[in-house]
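Comments concern the structure below.
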Amino acid sequence: MFKIFKTSKISRARLSELKTAHGKIVGPFFMPIATRAAVKNLTNEELKELNAQIILSNTYHLLLRPGQQLLKKYGGLHQFMGWPGPILTDSGGFQVFSLGSHRQISEKGVSFVDPQNGNKYFLSPEKAIQVQKTIGSDIIMVLDECPAYPCSKLYAQKSLILTSRWAKRSKIEHNKNKNRQLLFGIIQGSVYRDLRIESAKQITKIGFDGYAIGGVAVGEPRQKMPAVLGWVVPNLPEAKPRYLMGVGRPEEIVSAVKAGIDMFDCVIPTREARHGRLYLWSNDLSLRGGHQGPPTKQFDAKRQPERSKGSSKELLRFARNDTWYRTLNINNAKFAKDLSPINDTNLKHYSKAYLHHLFRTNESLGMRLATLNNLGFYLSLMQRIRDSIKAGTL
Numbered sequence: 001m002f003k004i005f006k007t008s009k010i011s012r013a014r015l016s017e018l019k020t021a022h023g024k025i026v027g028p029f030f031m032p033i034a035t036r037a038a039v040k041n042l043t044n045e046e047l048k049e050l051n052a053q054i055i056l057s058n059t060y061h062l063l064l065r066p067g068q069q070l071l072k073k074y075g076g077l078h079q080f081m082g083w084p085g086p087i088l089t090d091s092g093g094f095q096v097f098s099l100g101s102h103r104q105i106s107e108k109g110v111s112f113v114d115p116q117n118g119n120k121y122f123l124s125p126e127k128a129i130q131v132q133k134t135i136g137s138d139i140i141m142v143l144d145e146c147p148a149y150p151c152s153k154l155y156a157q158k159s160l161i162l163t164s165r166w167a168k169r170s171k172i173e174h175n176k177n178k179n180r181q182l183l184f185g186i187i188q189g190s191v192y193r194d195l196r197i198e199s200a201k202q203i204t205k206i207g208f209d210g211y212a213i214g215g216v217a218v219g220e221p222r223q224k225m226p227a228v229l230g231w232v233v234p235n236l237p238e239a240k241p242r243y244l245m246g247v248g249r250p251e252e253i254v255s256a257v258k259a260g261i262d263m264f265d266c267v268i269p270t271r272e273a274r275h276g277r278l279y280l281w282s283n284d285l286s287l288r289g290g291h292q293g294p295p296t297k298q299f300d301a302k303r304q305p306e307r308s309k310g311s312s313k314e315l316l317r318f319a320r321n322d323t324w325y326r327t328l329n330i331n332n333a334k335f336a337k338d339l340s341p342i343n344d345t346n347l348k349h350y351s352k353a354y355l356h357h358l359f360r361t362n363e364s365l366g367m368r369l370a371t372l373n374n375l376g377f378y379l380s381l382m383q384r385i386r387d388s389i390k391a392g393t394l
């Protein structure tokens, strides 16, 4: 199910492979967000051209629309949306708990109201597993309580206990399934060292196919992330995949990989693309004017790491900070006459001036091109990280 090809000698970084029902995924990897069964502004074909190995969707949103019955009728999410590769679904816990007064938590589960139409729903640990079984995702998550930040240590402790109880119930329900989707447990505990360690011990004792670290991207201060990883990762099984939920910015991903994380997801590349913020390789890497580097390639265990511009050695050189990449706001007036290409790979035929024009005139193509750029950057970053680990430089 999960293989580790190489572990770095200078960090906790791992080169790995995760086998799922819909294909193998080479790690560390990034999952583009397809919350409602679509990555915003892109087609499945475009995702494959960007070398997206897996996408992430959300149980809460799929339960509301299109609904469990329709997904069952179509034979699951893969058939419904026409995506041939692996899919991970979050349980929807964070979305439910973010509803505030529209939800009520009990030992049994969570009652909530759809804020759009007032319909009432109940999501228990068992129901979350059942819905994800209908969805047919390759990797599914247990229902957890995601405490808000800040919260008292007493509340974080009660939340941890409830999350562990729900995790046990989730596994019992999951074991009834004949189709072996991979089930991941979730570590909580807020920013309290002893609670994070205790949560890791409780969840790993139950035993799951992989382990996720929750909470760090939903309110907890970003500066706390290295400490949380330092507490949790040493208490996770070496032979199981590790998933840092909702993270993050490029430098945070590199830092987390060095801390031993294998899996990532984040709304940043797609959300910021819709507002005109582009992620590009820095001039410091001599990548032809600072534009995006070479296209990603399918991993080959026998292939030598790339030694081209922006190679793994250069990536490590800037892994300590964010100077190896840059962002720009294409809405700025200075790009109105900038005829240089958006990047030198998949968008080399489009100028920054043209993209600026598209955003200023509210043409939807602008968001599409920006999304292609940003996801291309993130997926290329993951390839360079993998090459860095293989080369022994990260």
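Numbering (full-length UniProt numbering), first residue to last: 1 to 394. Cβ coordinates follow ideal geometry from the N, Cα and C atoms, glycine included.
State the start and end residues of the unbroken beta strand (DSSP E) segment that holds residue i.
{"i": "residue 127", "result": "Not the beta strand (DSSP E): residue 127 falls in the alpha helix (DSSP H), residues 125–135."}
{"i": "residue 187", "result": "182–187"}
{"i": "residue 5", "result": "2–7"}
{"i": "residue 325", "result": "325–329"}
{"i": "residue 160", "result": "Residue 160 -> not in any beta strand (DSSP E); alpha helix (DSSP H) instead, spanning 153–174."}
{"i": "residue 213", "result": "210–213"}
{"i": "residue 87", "result": "87–90"}
{"i": "residue 20", "result": "14–20"}
Once the 5 residues before and after residue i are set aside, which same chain residues still bring their CB inside 7 Å of it?
{"i": "residue 302", "result": "Note on residue 302: pLDDT 39, under 50, position unreliable in the model; the coordinate value appears next. Taken in chain order, the list of residues that qualify is empty."}
{"i": "residue 82", "result": "44"}
{"i": "residue 39", "result": "32, 33, 47, 55 and 270"}
{"i": "residue 156", "result": "147, 189, 190, 192 and 195"}
Hey, out of the options, whose CA is closest to residue i's CA?
{"i": "residue 169", "options": "389, 109, 195 and 51", "result": "109"}
{"i": "residue 327", "options": "280, 340, 359 and 368", "result": "280"}
{"i": "residue 357", "options": "380, 389, 374 and 332", "result": "332"}
{"i": "residue 15", "options": "27, 9 and 21", "result": "27"}
{"i": "residue 401", "options": "21, 248, 149 and 126", "result": "Missing from the structure shown is residue 401; the chain here goes from 1 to 394 and no further."}
{"i": "residue 338", "options": "324, 222 and 355", "result": "355"}
{"i": "residue 241", "options": "151, 370 and 19", "result": "19"}
{"i": "residue 195", "options": "165, 136, 225 and 153", "result": "153"}
{"i": "residue 335", "options": "359, 346 and 223", "result": "359"}
{"i": "residue 219", "options": "238, 191 and 227", "result": "191"}
{"i": "residue 208", "options": "372, 367 and 182", "result": "182"}
{"i": "residue 113", "options": "107, 36 and 101", "result": "101"}
{"i": "residue 330", "options": "380, 370, 364 and 346", "result": "370"}
{"i": "residue 248", "options": "238, 239 and 263", "result": "263"}
{"i": "residue 2", "options": "17, 11 and 229", "result": "17"}
{"i": "residue 129", "options": "171, 107, 381 and 206", "result": "171"}
{"i": "residue 363", "options": "80, 238 and 275", "result": "275"}
{"i": "residue 178", "options": "149, 150, 136 and 151", "result": "136"}
{"i": "residue 228", "options": "237, 259, 205 and 324", "result": "259"}
{"i": "residue 277", "options": "325, 8, 216 and 344", "result": "325"}
{"i": "residue 368", "options": "41, 111 and 106", "result": "41"}
{"i": "residue 97", "options": "79, 74 and 149", "result": "149"}
{"i": "residue 237", "options": "244, 245, 225 and 205", "result": "205"}
Give me whichever residues DSSP pairs with residue i in a beta bridge.
{"i": "residue 265", "result": "31"}
{"i": "residue 104", "result": "111"}
{"i": "residue 141", "result": "184"}
{"i": "residue 122", "result": "111"}
{"i": "residue 56", "result": "33 and 88"}
With a CB to CB cut of under 6 Å and the five nearest residues on each side skipped, what residues in its chain are close to residue i?
{"i": "residue 267", "result": "33"}
{"i": "residue 319", "result": "Legend: pLDDT at residue 319 = 49, less than 50; position of this residue unreliable, value from coordinates given subsequently. 254."}
{"i": "residue 141", "result": "90, 91 and 184"}
{"i": "residue 187", "result": "199, 200, 203, 213 and 232"}
{"i": "residue 145", "result": "159, 162 and 163"}
{"i": "residue 56", "result": "31, 33, 88 and 265"}
{"i": "residue 53", "result": "25 and 29"}
{"i": "residue 401", "result": "Limits of the chain in this structure are 1 at one end and 394 at the other, which puts residue 401 out of reach."}
{"i": "residue 68", "result": "131 and 134"}
{"i": "residue 4", "result": "14 and 16"}
{"i": "residue 111", "result": "104 and 122"}
Just to check, is the beta-carbon of residue i closer than 8 Å to a non-hydrogen atom of the ligand NAP?
{"i": "residue 233", "result": "Ligands displayed in this structure: none; no statement on the ligand NAP is therefore possible."}
Cutting at 8 Å between CB atoms, please list the residues of its own chain near residue i, excluding the five before and the five after it.
{"i": "residue 63", "result": "92, 121, 123 and 131"}
{"i": "residue 6", "result": "14, 15, 389 and 390"}
{"i": "residue 197", "result": "189, 231, 232 and 235"}
{"i": "residue 151", "result": "159 and 190"}
Measure the beta-carbon distance from residue i to residue j and round it to whole angstroms, keeping in mind my assumption that it falls under 8 Å.
{"i": "residue 134", "j": "residue 210", "result": "Actually they do not touch by this definition, with Cβ atoms about 21 Å apart."}
{"i": "residue 95", "j": "residue 58", "result": "7 Å"}
{"i": "residue 365", "j": "residue 50", "result": "Going by Cβ atoms, the distance from residue 365 to residue 50 rounds to 17 Å, so no, they are not a contact pair."}
{"i": "residue 250", "j": "residue 70", "result": "Going by Cβ atoms, the distance from residue 250 to residue 70 rounds to 37 Å, so no, they are not a contact pair."}
First and last residue of the alpha helix (DSSP H) that includes residue i?
{"i": "residue 279", "result": "From DSSP, residue 279 is part of no alpha helix (DSSP H) but of the beta strand (DSSP E) over 277–281."}
{"i": "residue 69", "result": "68–73"}
{"i": "residue 44", "result": "44–49"}
{"i": "residue 387", "result": "364–391"}
{"i": "residue 62", "result": "59–64"}
{"i": "residue 193", "result": "193–206"}
{"i": "residue 353", "result": "352–360"}
{"i": "residue 145", "result": "Premise fails: residue 145 is in no alpha helix (DSSP H) and is neither H nor E."}
{"i": "residue 81", "result": "77–81"}
{"i": "residue 225", "result": "225–232"}
{"i": "residue 258", "result": "250–258"}
{"i": "residue 93", "result": "93–97"}
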